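Asker: Numbering (the working numbering), first residue to last: 180 to 484.
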(Lines of atoms letter the chains of each structure in order from A and count residues from 1; the text may use other names and numbers.)
(Lines give C-alpha, C1' and ligand atoms only; values in the text may rest on other atoms or scores of the structure.)
Protein backbone atom coordinates (compact mmCIF):
# COMPACT_ATOMS: atom_id res chain seq x y z
CA UNK A 1 0.00 0.00 0.00
CA UNK A 2 1.20 3.46 -0.88
CA UNK A 3 0.73 6.67 1.04
CA UNK A 4 1.76 10.27 0.54
CA UNK A 5 2.53 12.75 3.30
CA UNK A 6 1.55 16.40 3.03
CA UNK A 7 1.25 19.45 5.25
CA UNK A 8 -0.98 22.46 5.55
CA UNK A 9 0.61 25.93 5.63
CA UNK A 10 -1.62 26.76 8.61
CA UNK A 11 1.33 25.83 10.83
CA UNK A 12 3.19 28.85 9.41
CA UNK A 13 0.36 31.33 8.78
CA UNK A 14 -3.17 31.11 10.13
CA UNK A 15 -5.97 32.44 7.94
CA UNK A 16 -8.29 33.19 10.87
CA UNK A 17 -5.88 34.32 13.60
CA UNK A 18 -3.30 36.77 12.32
CA UNK A 19 -1.42 36.59 15.61
CA UNK A 20 -0.74 32.90 14.96
CA UNK A 21 1.24 33.64 11.82
CA UNK A 22 4.95 33.85 11.19
CA UNK A 23 6.46 36.29 8.72
CA UNK A 24 7.56 33.46 6.44
CA UNK A 25 7.28 33.48 2.66
CA UNK A 26 5.53 30.76 0.71
CA UNK A 27 8.87 29.63 -0.63
CA UNK A 28 10.34 29.27 2.87
CA UNK A 29 7.23 27.46 4.10
CA UNK A 30 7.56 24.95 1.26
CA UNK A 31 11.30 24.59 1.80
CA UNK A 32 10.87 23.81 5.48
CA UNK A 33 8.11 21.25 4.97
CA UNK A 34 10.04 19.54 2.16
CA UNK A 35 13.20 19.41 4.27
CA UNK A 36 11.20 17.61 6.96
CA UNK A 37 10.21 14.99 4.37
CA UNK A 38 6.75 16.08 3.19
CA UNK A 39 6.10 15.89 -0.55
CA UNK A 40 2.83 17.85 -0.67
CA UNK A 41 1.35 21.08 0.63
CA UNK A 42 -2.27 22.16 0.79
CA UNK A 43 -3.15 25.60 -0.53
CA UNK A 44 -2.93 28.63 1.76
CA UNK A 45 -3.50 32.35 1.44
CA UNK A 46 0.03 33.10 0.22
CA UNK A 47 -0.25 30.80 -2.79
CA UNK A 48 -0.61 32.43 -6.22
CA UNK A 49 -3.94 32.02 -7.96
CA UNK A 50 -2.73 31.05 -11.43
CA UNK A 51 -0.97 27.87 -12.57
CA UNK A 52 1.59 29.96 -14.45
CA UNK A 53 2.71 31.48 -11.15
CA UNK A 54 2.18 28.44 -8.91
CA UNK A 55 3.83 25.65 -10.91
CA UNK A 56 7.37 27.14 -10.96
CA UNK A 57 7.20 27.66 -7.18
CA UNK A 58 6.06 24.09 -6.58
CA UNK A 59 8.68 22.72 -8.97
CA UNK A 60 11.50 24.64 -7.32
CA UNK A 61 10.39 23.40 -3.89
CA UNK A 62 9.89 19.84 -5.21
CA UNK A 63 6.39 19.54 -3.78
CA UNK A 64 2.92 19.04 -5.23
CA UNK A 65 -0.33 20.75 -4.32
CA UNK A 66 -2.16 18.07 -2.32
CA UNK A 67 -5.46 19.86 -1.74
CA UNK A 68 -6.93 23.08 -0.49
CA UNK A 69 -9.92 24.50 1.37
CA UNK A 70 -13.03 25.86 -0.31
CA UNK A 71 -15.39 27.84 1.94
CA UNK A 72 -18.74 26.38 0.93
CA UNK A 73 -22.10 27.89 1.82
CA UNK A 74 -24.55 25.26 0.61
CA UNK A 75 -26.30 25.10 3.97
CA UNK A 76 -27.76 28.54 3.34
CA UNK A 77 -26.97 29.48 -0.27
CA UNK A 78 -27.81 27.94 -3.62
CA UNK A 79 -25.84 25.66 -5.88
CA UNK A 80 -25.34 28.30 -8.55
CA UNK A 81 -23.56 30.71 -6.20
CA UNK A 82 -21.21 28.00 -4.99
CA UNK A 83 -20.53 26.76 -8.52
CA UNK A 84 -19.57 30.27 -9.58
CA UNK A 85 -17.20 30.68 -6.65
CA UNK A 86 -15.52 27.27 -6.94
CA UNK A 87 -15.04 27.29 -10.72
CA UNK A 88 -11.73 29.25 -10.70
CA UNK A 89 -10.43 26.88 -8.00
CA UNK A 90 -11.42 23.85 -10.07
CA UNK A 91 -9.59 25.30 -13.08
CA UNK A 92 -6.47 26.02 -11.01
CA UNK A 93 -6.41 22.67 -9.22
CA UNK A 94 -6.83 20.77 -12.49
CA UNK A 95 -3.97 22.73 -14.04
CA UNK A 96 -1.58 21.86 -11.19
CA UNK A 97 -2.86 18.26 -10.91
CA UNK A 98 -4.16 18.48 -7.32
CA UNK A 99 -6.04 15.40 -6.06
CA UNK A 100 -9.11 17.15 -4.65
CA UNK A 101 -10.69 20.29 -3.26
CA UNK A 102 -11.54 20.21 0.44
CA UNK A 103 -15.12 21.36 0.99
CA UNK A 104 -15.51 23.13 4.33
CA UNK A 105 -18.96 24.43 5.26
CA UNK A 106 -18.88 28.00 6.55
CA UNK A 107 -22.60 28.73 6.19
CA UNK A 108 -24.15 29.09 9.67
CA UNK A 109 -20.72 28.27 11.10
CA UNK A 110 -19.05 30.01 14.04
CA UNK A 111 -15.58 28.57 13.44
CA UNK A 112 -14.17 31.95 12.42
CA UNK A 113 -15.97 34.09 15.00
CA UNK A 114 -14.10 34.47 18.28
CA UNK A 115 -17.10 36.15 19.91
CA UNK A 116 -19.25 33.00 19.57
CA UNK A 117 -18.76 30.22 22.16
CA UNK A 118 -18.51 26.58 21.12
CA UNK A 119 -21.91 25.81 22.63
CA UNK A 120 -23.58 28.24 20.23
CA UNK A 121 -22.96 26.28 17.06
CA UNK A 122 -25.85 25.79 14.66
CA UNK A 123 -27.72 22.48 14.78
CA UNK A 124 -29.60 21.20 11.74
CA UNK A 125 -32.96 19.51 12.11
CA UNK A 126 -33.35 16.04 10.60
CA UNK A 127 -35.09 17.49 7.55
CA UNK A 128 -32.43 20.20 7.17
CA UNK A 129 -29.64 17.61 7.37
CA UNK A 130 -31.32 15.44 4.72
CA UNK A 131 -31.73 18.39 2.36
CA UNK A 132 -28.18 19.60 3.04
CA UNK A 133 -26.69 16.15 2.40
CA UNK A 134 -28.59 15.80 -0.87
CA UNK A 135 -27.42 19.26 -1.95
CA UNK A 136 -23.79 18.40 -1.17
CA UNK A 137 -24.09 15.18 -3.14
CA UNK A 138 -25.33 17.08 -6.17
CA UNK A 139 -22.56 19.65 -5.81
CA UNK A 140 -19.91 16.96 -5.38
CA UNK A 141 -21.14 15.16 -8.48
CA UNK A 142 -21.04 18.40 -10.45
CA UNK A 143 -17.47 19.18 -9.32
CA UNK A 144 -16.32 15.66 -10.20
CA UNK A 145 -17.96 16.12 -13.58
CA UNK A 146 -15.82 19.24 -14.03
CA UNK A 147 -12.76 17.06 -13.43
CA UNK A 148 -12.04 17.89 -9.78
CA UNK A 149 -13.50 15.78 -6.93
CA UNK A 150 -14.42 17.25 -3.55
CA UNK A 151 -13.67 15.80 -0.13
CA UNK A 152 -16.08 16.87 2.63
CA UNK A 153 -14.44 18.18 5.83
CA UNK A 154 -16.45 17.79 9.05
CA UNK A 155 -15.30 20.61 11.31
CA UNK A 156 -15.58 22.00 14.82
CA UNK A 157 -18.13 24.83 15.15
CA UNK A 158 -19.75 23.94 11.81
CA UNK A 159 -23.06 22.24 11.07
CA UNK A 160 -21.38 18.81 10.84
CA UNK A 161 -19.24 18.67 13.97
CA UNK A 162 -20.26 15.78 16.23
CA UNK A 163 -19.93 12.14 15.27
CA UNK A 164 -23.70 11.67 15.16
CA UNK A 165 -23.94 14.64 12.78
CA UNK A 166 -21.28 13.10 10.58
CA UNK A 167 -23.15 9.79 10.63
CA UNK A 168 -26.37 11.55 9.62
CA UNK A 169 -24.66 13.48 6.85
CA UNK A 170 -23.08 10.31 5.49
CA UNK A 171 -26.36 8.41 5.71
CA UNK A 172 -28.27 10.97 3.67
CA UNK A 173 -25.52 11.92 1.20
CA UNK A 174 -24.19 9.77 -1.61
CA UNK A 175 -20.93 8.58 -3.11
CA UNK A 176 -20.80 11.80 -5.12
CA UNK A 177 -19.42 13.55 -2.03
CA UNK A 178 -16.39 11.70 -0.60
CA UNK A 179 -15.24 12.28 2.98
CA UNK A 180 -12.17 13.89 4.47
CA UNK A 181 -11.63 12.23 7.84
CA UNK A 182 -9.99 14.64 10.29
CA UNK A 183 -8.86 12.82 13.43
CA UNK A 184 -8.31 15.97 15.45
CA UNK A 185 -11.65 17.61 14.77
CA UNK A 186 -13.54 14.40 15.51
CA UNK A 187 -11.63 13.80 18.75
CA UNK A 188 -12.17 17.43 19.82
CA UNK A 189 -15.92 16.89 19.34
CA UNK A 190 -15.83 13.80 21.56
CA UNK A 191 -16.07 11.34 18.69
CA UNK A 192 -14.44 7.94 18.28
CA UNK A 193 -11.97 8.17 15.40
CA UNK A 194 -11.58 4.41 14.93
CA UNK A 195 -15.35 3.89 14.91
CA UNK A 196 -15.80 6.64 12.31
CA UNK A 197 -13.24 4.97 10.05
CA UNK A 198 -15.06 1.66 10.50
CA UNK A 199 -18.37 3.28 9.60
CA UNK A 200 -17.29 5.45 6.68
CA UNK A 201 -14.09 3.99 5.22
CA UNK A 202 -15.71 3.34 1.83
CA UNK A 203 -16.17 7.08 1.27
CA UNK A 204 -12.91 8.39 2.78
CA UNK A 205 -10.76 9.95 0.05
CA UNK A 206 -8.49 12.29 2.03
CA UNK A 207 -7.13 12.29 5.59
CA UNK A 208 -6.02 15.04 7.96
CA UNK A 209 -3.72 13.68 10.65
CA UNK A 210 -4.33 16.46 13.15
CA UNK A 211 -3.46 15.63 16.76
CA UNK A 212 -5.02 17.20 19.86
CA UNK A 213 -3.95 18.16 23.35
CA UNK A 214 -6.82 16.72 25.36
CA UNK A 215 -5.82 18.53 28.54
CA UNK A 216 -6.42 21.84 26.72
CA UNK A 217 -9.73 20.64 25.26
CA UNK A 218 -11.03 19.27 28.56
CA UNK A 219 -10.32 22.58 30.29
CA UNK A 220 -12.44 24.58 27.83
CA UNK A 221 -15.69 26.22 28.88
CA UNK A 222 -17.93 25.64 25.87
CA UNK A 223 -20.40 28.27 27.10
CA UNK A 224 -17.76 31.00 27.04
CA UNK A 225 -14.84 30.01 24.81
CA UNK A 226 -14.81 29.86 21.03
CA UNK A 227 -13.19 27.50 18.56
CA UNK A 228 -10.53 30.12 17.84
CA UNK A 229 -9.90 30.50 21.58
CA UNK A 230 -9.22 26.76 21.67
CA UNK A 231 -6.81 27.04 18.75
CA UNK A 232 -4.96 29.93 20.41
CA UNK A 233 -4.69 27.91 23.63
CA UNK A 234 -3.01 25.06 21.77
CA UNK A 235 -5.81 22.52 21.27
CA UNK A 236 -4.14 21.17 18.12
CA UNK A 237 -0.68 19.83 17.35
CA UNK A 238 1.13 17.36 15.11
CA UNK A 239 1.16 13.56 15.46
CA UNK A 240 3.65 12.51 18.09
CA UNK A 241 3.09 15.62 20.20
CA UNK A 242 -0.51 15.11 21.29
CA UNK A 243 -3.01 12.70 22.80
CA UNK A 244 -4.13 10.54 19.87
CA UNK A 245 -2.74 7.10 19.08
CA UNK A 246 -1.85 7.41 15.40
CA UNK A 247 -0.46 3.90 15.41
CA UNK A 248 -4.00 2.60 15.84
CA UNK A 249 -5.53 5.21 13.53
CA UNK A 250 -3.12 4.56 10.66
CA UNK A 251 -3.42 0.80 11.15
CA UNK A 252 -7.20 1.14 10.84
CA UNK A 253 -6.80 2.93 7.50
CA UNK A 254 -4.38 0.23 6.38
CA UNK A 255 -6.84 -2.49 7.37
CA UNK A 256 -9.33 -1.01 4.90
CA UNK A 257 -6.74 -0.54 2.16
CA UNK A 258 -6.79 3.27 2.15
CA UNK A 259 -4.15 4.70 -0.17
CA UNK A 260 -3.59 8.39 -0.68
CA UNK A 261 -2.74 11.54 1.20
CA UNK A 262 -2.24 11.89 4.94
CA UNK A 263 -1.97 15.63 5.57
CA UNK A 264 -0.67 17.20 8.78
CA UNK A 265 -2.90 20.19 9.51
CA UNK A 266 -1.98 21.56 12.91
CA UNK A 267 -2.68 25.21 13.60
CA UNK A 268 -0.80 26.60 16.57
CA UNK A 269 1.41 29.52 17.57
CA UNK A 270 4.55 29.32 15.40
CA UNK A 271 6.55 31.18 18.03
CA UNK A 272 5.74 28.64 20.74
CA UNK A 273 5.81 25.69 18.35
CA UNK A 274 8.29 26.37 15.53
CA UNK A 275 6.77 24.95 12.32
CA UNK A 276 9.96 23.29 11.07
CA UNK A 277 10.47 21.48 14.35
CA UNK A 278 6.79 20.48 14.47
CA UNK A 279 7.00 19.26 10.86
CA UNK A 280 9.97 17.10 11.76
CA UNK A 281 8.18 15.65 14.80
CA UNK A 282 5.03 14.93 12.79
CA UNK A 283 6.90 13.35 9.89
CA UNK A 284 8.97 11.12 12.15
CA UNK A 285 5.88 9.85 13.99
CA UNK A 286 3.96 9.24 10.77
CA UNK A 287 6.87 7.36 9.21
CA UNK A 288 7.07 5.21 12.34
CA UNK A 289 3.40 4.26 12.41
CA UNK A 290 3.04 3.95 8.64
CA UNK A 291 5.98 1.61 8.36
CA UNK A 292 4.47 -0.50 11.15
CA UNK A 293 1.13 -0.58 9.29
CA UNK A 294 2.74 -1.77 6.07
CA UNK A 295 2.63 1.45 4.07
CA UNK A 296 5.27 2.50 1.58
CA UNK A 297 5.52 6.27 1.83
CA UNK A 298 6.17 7.88 -1.52
CA UNK A 299 9.19 10.17 -1.69
CA UNK A 300 8.48 11.66 -5.13
CA UNK A 301 7.76 15.37 -4.91
CA UNK A 302 7.09 17.46 -8.00
CA UNK A 303 6.56 15.11 -10.96
CA UNK A 304 9.69 14.48 -12.99
CA UNK A 305 9.60 15.89 -16.49
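The C-beta atom is built at its ideal place from N, Cα and C for all residues, glycine as well. Predicted model, so just to flag it, every value in this text is computed and none were measured.
How long is the line joining the alpha carbons of residue 373 and residue 257, rounded to whole angstroms?
Answerer: 34 Å
Asker: Apply the 10 Å Cβ neighbour rule to residue 302 and answer buried if 16 or more other Cβ atoms are within range, or exposed otherwise.
Answerer: Flag for residue 302 reads exposed.
Asker: What do you reckon, is the C-beta of residue 428 under 7 Å from a heavy atom of the ligand SAM?
Answerer: You won't find the ligand SAM in this model; it holds no ligand whatsoever.
Asker: Assign residue 193 to one of two classes, buried (16 or more other C-beta atoms within 10 Å of its C-beta) or exposed (fewer than that).
Answerer: buried
Asker: Return the CA-CA distance between residue 468 and residue 445, expressed in angstroms with no decimal places.
Answerer: 18 Å
Asker: Okay, do the region 271-288 and the region 237-246 touch, 3+ Cβ pairs below 8 Å being the bar?
Answerer: yes
Asker: So what does residue 181 bridge to, in DSSP terms?
Answerer: 475
Asker: Taking 7 Å as the limit between beta carbons, can you name the residues of its chain near residue 414, skipping five residues before and five after?
Answerer: 367, 391, 392, 395, 396
Asker: Using 8 Å as the Cβ pair cut-off and three pairs as the minimum, do the region 182-190 and the region 217-227 touch?
Answerer: yes
Asker: According to DSSP, residue 343 sits in a beta bridge with which residue or residues?
Answerer: For residue 343, which the question treats as bridged, DSSP gives no partner whatsoever.
Asker: Taking only three categories from DSSP, how would you classify residue 384?
Answerer: strand
Asker: Anyone know if the C-beta pair for residue 388 and residue 341 falls short of 8 Å?
Answerer: no
Asker: Of all the options 273, 438, 380, 376, which has the alpha carbon lying nearest to the alpha carbon of residue 144?
Answerer: With the chain running from 180 to 484 in the structure shown, residue 144 is simply not present.
Asker: Within the continuous beta strand (DSSP E) that includes residue 332, where are the two ends?
Answerer: 329-332
Asker: Taking 7 Å as the limit between beta carbons, can you name the residues of its chain near residue 323, skipping five residues before and five after?
Answerer: 355
Asker: From the DSSP output, in three-state form, read off residue 243 for me.
Answerer: strand
Asker: Between the Cα of residue 250 and the Cα atoms of 268, 378, 242, 200, which residue gives the shortest distance?
Answerer: 268
Asker: What do you get for residue 213, buried or exposed, if any count of 16 or more other CB atoms within 10 angstroms of its CB means buried?
Answerer: buried
Asker: Below 8 Å between beta carbons: does that hold for residue 432 and residue 290?
Answerer: no
Asker: Does the separation of the CB atoms of residue 288 and residue 336 fall below 8 Å?
Answerer: yes
Asker: Which runs of the alpha helix (DSSP H) at least 4 residues long sit entirely within the region 380-430? Give them in chain order.
Answerer: 393-397, 406-412
Asker: Would you kindly check if the distance between the Cβ of residue 357 and the Cβ of residue 384 is under 8 Å?
Answerer: yes
Asker: Once the 5 residues before and after residue 448 are set aside, which same chain residues still bring their CB inside 6 Å of it?
Answerer: 199
Asker: Can you name, in chain order, every residue of its own chain whose Cβ lies under 7 Å from the Cβ of residue 211, other than the five neighbours on each side?
Answerer: The residues are 454, 455, 458.
Asker: So is residue 361 buried or exposed if we call it buried at 16+ other beta carbons inside 10 Å?
Answerer: buried
Asker: Expressed to the nearest angstrom, what Euclidean distance is found between the alpha-carbon atoms of residue 259 and residue 226?
Answerer: 26 Å
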